[in-house]
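For the sequence shown, this note's numbering gives the first residue as 961, with consecutive numbering after it.
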Amino acid sequence: MKTKPIEEEQSVHRAFRIDELHIDSVERDDLDEIRVMNEIIFGERRLINRLDHDDMIILIARLQEMPVGFKIGYGTSRTEFYSAKGGILMPYRRQGIARRMLHYMIMESRKLGYTTFSYDTFPNRDRGMLILGLNEGFKVTSAHFDQRYGDYQLRLERKMR
């Protein structure tokens, strides 16, 4: 699928209807757009530590063919699915895209037989994912200070419905 360059429109913000959002699965060997977004959002080249996990789900969100967000997750046990990383380009945040991607990944991981969904977040760097998780029924199950990020790392978990 030919898409618009990310750099071309990353700073252009326009109102959109949430039904214009398309979320698609991406194969491990087709991560170019996700790598570009990752560098823009997080300022780093590394996506996640490994891309060879079992039951890996890689999602990309698009508005009018332009990539605006991504989410990567995988199974960590027979019952738990872990969302390892995700992000939305700045002009498109706080408009329900992360929530839609979370719901989509939960639905796909449930189809694979997982019963628990979890993710980590750094609340002082970005409160949004903590607030989203709490609003979606997640519970904080662990917390520790992560020296790399200079922030507390919180694990949020929820049984899938």
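All C-beta atoms, glycine included, are put in the ideal place defined by N, C-alpha and C.
Exercise for review: My understanding is that residue 1034 touches residue 1061, with C-beta atoms under 8 Å, so please give their C-beta distance in whole angstroms.
Suggested key: Between residue 1061 and residue 1034 the Cβ distance is about 15 Å, and since that is not below 8 Å, they are no contact.
**Study point:** Where the alpha helix (DSSP H) through residue 996 begins and ends
**Key:** 992-1002
Practice item. Could you pull out every residue in the same chain whose Cβ sits closer than 6 Å to the Cβ of residue 1013, ignoring the five residues on either side in sequence? Key: 1034
Point to revise | DSSP state of residue 1087 mapped onto helix, strand, coil | key: helix
Practice item. Return the CA-CA distance between residue 987 and residue 1027, expressed in angstroms with no decimal places. Key: 15 Å
Point to revise | Where the beta strand (DSSP E) containing residue 1109 begins and where it ends | key: Counting along the chain, residue 1109 falls outside any beta strand (DSSP E), and DSSP gives it neither H nor E.
Review point. Between residue 1075 and residue 1114, is the Cβ-Cβ spacing less than 8 Å?
Key: no
Review point. To the nearest angstrom, how far is it from the Cα of residue 1038 to the Cα of residue 1121?
Key: 17 Å
**Study point:** Neighbourhood of residue 961 by C-beta distance below 6 Å, restricted to the same chain and skipping five residues each side
**Key:** Residue confidence is low: residue 961 scores 45 on pLDDT, short of 50, so the model does not pin down where it sits. No coordinate-derived value is stated.
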